[in-house]
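K.L.:
If you're matching positions, the sequence shown starts at 0 in numbering that gives the first Met the number 0 and goes up one per residue.
Sharing a structure, written as structure tokens. Questions coming.
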Amino acid sequence: MTERPVRVRYAPSPTGPQHLGGVRTALYNYLFARKHKGTFIIRIEDTDQTRFVPGAEAYMLDALNWCGITYDEGPVKGGAYGPYKQSERKSMYRQYADQLLESGHAYYAFDTAEELDAMRERFKASGMAAAAYNAVTREYMKNSLVLPQDEVKARLEQGEPYVIRIKMPRKDEIKFHDLIRGWVTFNSSQLDDKVLFKSDGMPTYHLANVVDDYLMNISHVIRGEEWLPSAPLHVTLYKFLGWESVMPQFAHLPLILRPDGNGKLSKRDGDRLGFPVFPLNWKDPNTGELSTGFRERGFFPEPFTNMIALLGWHPGHMQQEIFTLDEMVQLFSIEHVGKSGARFDYEKAKWFNQEYLKKLDASVLAEALKHILEQKNIEVPNAEILGAICLSLKERCTFVHELYEQGYYFFEAIRDYDDSIVSKKWNAIAKERFNLLADTLATLEAFDIKSIETAILQFISSNQLQNGDVLPLLRIMLSGTKNGPAVYDIASILGKDKTLERMRIFQQKFPTA
């Protein structure tokens with residue numbers, strides 16, 4: 000028997016923006032497909048039209064595109080198994096609901112919302128902890144298992160609203176092998192008779208999901224842990240529909256947890272703790288509320304994708320943490336995905352971005368910095384100077400916008416001077432020394448790092464001074480701050496004229512007695 004081709008799908012519902020957990024699910028499906036030379040599919044599961052949020056689908060596709068997660072079949076691209084939106088596949092599902100009715104594995108239920116509420120209250124009062132529509136309670140409800148067949152027929156002919164429910168076995172053991180968790184067993188007595196087909200003519204998630212996976216020849220279902228309780232229902236549907244031999248292999252991914260490890264990460268946690276949980280900015284179309292995304296916070300897509308990949312997975316045989324997407328494809332395996340939840344750590348996320356930024360060529364950073372300067376209507380230096388600025392600052396920056404924030408003095412007048420250095424070191428003697436140093440620097444023909452460093456160190460030595468007598472104050476004169484690149488780097492980037500000018504401006508601002 001030939002091995003089944005790998006076909007996996009990411010199947011989000013357009014009910015809101017893409018949480019980073021959703022992106023991770025898409026990423027693992029993508030890595031698995033690419034590793035096994037398979038097909039990665041995007042399918043939009045929009046059967047619940049009441050929860051549809053305008054813009055959510057486009058947001059999801061934009062987010063995956065930003066992350067570099069490309070798909071082979073799906074919305075926009077199309078493919079041989081389309082359409083790839085469940086709302087456009089509506090006509091396909093009824094025949095399978097009818098098949099389940101005919102085989103006795105499903106039934107019509109005519110209960111109203113009020114009757115369902117009354118049932119729950121009645122059984123709750125009798126001591127049933129969680130009253131559900133199941134093998135016990137269905138015997139007391141208004142459905143085709145209880146009602147006479149002529150009455151059922153009459154109700155259907157009269158157009159009375161109904162749903163179609165699965166008829167779960169009363170006490171069957173439902174067992175399946177999860178690629179992450181091993182063998183998982185449920186008892187059908189713990190499960191209710193889920194609705195498969197709604198009164199509006201749309202299938203529920205459960206029926207549509209199984210039918211679409213079957214029709215699209217999905218080989219592996221890699222999805223979040225929150226779907227594990229639904230897995231026995233899906234396994235049962237495969238059995239009832241006669242598709243057990245082509246049932247996909249399941250892998251239920253661990254949760255992404257709050258930073259303290261207590262519970263699943265949510266948007267509220269991000270709002271409370273001050274970090275994003277969405278890949279891109281999201282503006283709620285109903286409330287107008289704006290949620291900041293990782294991209295807009297300054298994250299590059301590559302370290303963001305690297306970071307979420309390691310929330311639950313690691314190759315296991317190496318200490319390495321920085322991976323390209325291609326490297327992750329080569330190393331990825333479901334067997335190395337953990338069962339336990341993975342804590343999200345925003346500081347670690349920033350570390351990934353910082354490490355990536357450090358490795359970027361200065362010319363790439365220069366283009367990004369140029370864009371920031373243009374937005375601020377600041378005159379942009381030539382490419383060589385801009386590259387030198389980025390090279391001098393990038394080891395200290397986590398985000399591109401910090402190149403400007405930490406090095407604004409390269410482009411604008413100094414805003415403030417660090418008083419802790421000025422008050423401690425600036426006096427009449429220092430003023431005299433710096434007048435002599437300015438004269439020395441003015442004589443330099445080449446104003447590069449090496450020439451500046453040599454001249455300053457010779458000046459310090461010949462005047463029997465210490466580095467601390469000169470370098471801290473010179474840094475303050477040129478940048479206003481005691482932190483940042485080496486003072487020789489700052490001077491060379493500013494150039495001779497601006498360096499001497501800033502030394503004069505400082506003396507004018509801080510005259511001595």
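Glycine included, every Cβ here is placed at the ideal spot set by N, Cα and C.
With LEU477 and ALA490 assumed to form a contact (beta carbons below 8 Å), what rounded beta-carbon distance in angstroms separates them?
P.N.:
That pair is a contact at about 6 Å.
K.L.:
Starting from LYS174, follow the alpha helix (DSSP H) in both directions and report where the run begins and ends.
P.N.:
No alpha helix (DSSP H) holds LYS174; the beta strand (DSSP E) holding it covers 172 to 177.
K.L.:
Enumerated in chain order, which unbroken segments of the beta strand (DSSP E) with a length of 3 residues or greater are wholly contained in the stretch 3 to 38?
P.N.:
Segments of the beta strand (DSSP E) lying fully in the stretch 3 to 38: 6 to 9.
K.L.:
So what's ALA382 in DSSP terms, helix, strand or just coil?
P.N.:
Of the three classes helix, strand and coil, the one that applies to ALA382 here is helix, per DSSP.
K.L.:
Are the stretch 190 to 200 and the stretch 156 to 171 in contact at 8 Å, needing three or more beta carbon pairs?
P.N.:
The stretch 190 to 200, when compared against the stretch 156 to 171, does touch it at the 8 Å Cβ threshold.
K.L.:
Let's see if you can read the secondary structure: which residues bound the alpha helix (DSSP H) around VAL486?
P.N.:
Taken as a continuous stretch (DSSP letters only), the alpha helix (DSSP H) holding VAL486 covers 486 to 493.
K.L.:
Which same chain residues end up closer than 7 Å to GLY73 when comparing Cβ atoms and leaving out the 5 residues on each side of it in sequence?
P.N.:
If we look at GLY73 and ignore the five residues flanking it on each side, its Cβ neighbours are ILE40, ILE41, ARG42 and TYR83.
K.L.:
Compute the Euclidean distance between the alpha carbons of THR439 and ALA454, then round it to the nearest angstrom.
P.N.:
Those two C-alpha atoms are separated by around 7 Å.
K.L.:
What did DSSP end up calling VAL162 once you bin it into helix, strand or coil?
P.N.:
In the structure shown, VAL162 sits in a strand (DSSP, three-state: E or B).
K.L.:
Between THR24, GLU56 and HIS35, which lies nearest to PRO284 when the distance is taken from Cα to Cα?
P.N.:
That would be GLU56, whose Cα lies nearest to the Cα of PRO284.
K.L.:
List the endpoints of the continuous alpha helix (DSSP H) containing THR323.
P.N.:
Looking at the DSSP string, THR323 is not in any alpha helix (DSSP H), and its letter there is neither H nor E.
K.L.:
From PRO16, ALA25, TYR9 and ALA10, pick the residue whose C-alpha is nearest to that of THR304; which is it?
P.N.:
Cα-wise, what sits closest to THR304 is ALA25.
K.L.:
Taking the alpha-carbon positions, what's the ASP447 to THR291 distance?
P.N.:
If I take the Cα positions, the gap works out to 42 Å.
K.L.:
Is GLN189 helix, strand or coil when you go by DSSP?
P.N.:
It is helical.
K.L.:
Is the beta carbon of LYS357 sitting closer than 9 Å to the one on LYS393?
P.N.:
Against a cut-off of 9 Å, the Cβ pair of LYS393 and LYS357 comes out as a contact.
K.L.:
Going by DSSP in three states, PHE474 sits in which element: helix, strand or coil?
P.N.:
The sequence given here has Arg at residue 474, not Phe. Helix.
K.L.:
Return the chain-ordered ranges of every alpha helix (DSSP H) run that is complete within the stretch 403 to 488 and spans a minimum of 4 residues.
P.N.:
Segments of the alpha helix (DSSP H) lying fully in the stretch 403 to 488: 418 to 424, 427 to 441, 448 to 461 and 466 to 478.
K.L.:
Should ALA512 go down as buried or exposed, given a rule of 16 or more other Cβ atoms within 10 Å for buried?
P.N.:
Caution is warranted here: a pLDDT of 49 is assigned to ALA512, below 50, making its placement in the model unreliable, and the coordinate value is therefore given only provisionally. So ALA512 counts as exposed.
K.L.:
Assuming PHE343 contacts LEU264 under a Cβ cut-off of 8 Å, what Cβ separation, rounded to an integer in Å, is found between them?
P.N.:
Contact holds; Cβ gap of about 5 Å.
K.L.:
How is the alpha helix (DSSP H) around VAL194 delimited, first residue to last?
P.N.:
Premise fails: VAL194 lies in the beta strand (DSSP E), 194 to 196, not in any alpha helix (DSSP H).
K.L.:
If I'm right that ASP116 touches MET140 with Cβ under 8 Å, what's the distance once you round it to whole angstroms?
P.N.:
At roughly 12 Å, the Cβ-Cβ gap does not stay under 8 Å, so ASP116 and MET140 are not in contact.
K.L.:
What three-state label does DSSP hand GLN148 in the structure shown?
P.N.:
In this structure, GLN148 counts as helix in the three-state DSSP scheme.
K.L.:
On a Cα-Cα basis, can you pick out the residue from THR442, LEU456 and ASP468 that is closest to ILE428?
P.N.:
Cα-wise, what sits closest to ILE428 is ASP468.
K.L.:
Which value, in whole angstroms, describes the spacing of the CA atoms of LYS282 and TYR345?
P.N.:
Answer to the nearest angstrom: the Cα atoms are 22 Å apart.
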